[in-house]
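Residues 1 to 112, numbered by the working numbering, are exactly what the sequence shown covers, in order. Glycine is no exception: its CB is placed at the ideal position from the N, C-alpha and C atoms. What you are looking at is a predicted structure, and each value in this text was computed from that prediction instead of being measured.
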Amino acid sequence: MADTIEVDGKEFAVDEEGYLSNLNDWVPGVAGVMAKQDNLELTDEHWDIINFLREYYEEYQIAPAVRVLTKAVGKKLGKEKGNSKYLYSLFPYGPAKQACRFAGLPKPTGCV
């Protein structure tokens with residue numbers, strides 16, 4: 001994977017797994033470029049989770065692992081969205097890992 005991604009003509013540093021090196025660099029276009037790399041089209045449902053993750057990180061300073069994410073999403077966005085089947089349908093490479101990458105967050109603890 002490249003050490004930078006280009007969003008609207010601007011270069012953003014990423015680590016070897018494609019996570020943003022500086023989470024303060026994040027702009028919504030980052031998620032779009034990363035989604036395209038993963039052959040995904042971002043929908044409002046994706047953005048619900050991406051924005052949720054950014055708020056979660058702001059509050060707790062940690063990227064949630066998938067079990068924590070599932071529970072927290074269920075609490076905030078409703079039971080029908082707070083299950084791993086729904087989250088995997090949006091983020092097939094792993095809801096915590098892939099969604100955190102799109103959201104500009106570090107890799108969640110406990111993710112390989």
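Using the C-alpha atoms, what's the distance from residue j back to residue i?
i, j, result
"residue 95", "residue 88", "6 Å"
"residue 49", "residue 3", "25 Å"
"residue 47", "residue 15", "23 Å"
"residue 92", "residue 105", "18 Å"
"residue 24", "residue 102", "13 Å"
"residue 51", "residue 107", "16 Å"
"residue 59", "residue 86", "24 Å"
"residue 9", "residue 98", "23 Å"
"residue 63", "residue 54", "9 Å"
"residue 31", "residue 44", "13 Å"
On the three-state DSSP scale, how would you describe residue i?
i, result
"residue 99", "helix"
"residue 62", "coil"
"residue 26", "coil"
Smallest Cα separation from residue i: which of the options?
i, options, result
"residue 41", "86, 109 and 90", "90"
"residue 70", "77, 26, 5 and 83", "83"
"residue 100", "34, 79, 44 and 80", "34"
Tell me, which residues are paired with residue i by DSSP?
i, result
"residue 4", "13"
"residue 42", "In the DSSP output, where bridge partners are listed per residue, residue 42 has none listed."
"residue 20", "14"
Jot down the residue ranges of each uninterrupted alpha helix (DSSP H) in the stretch 61–91, minimum 4 residues, whole runs only, in chain order.
66–77 and 84–90
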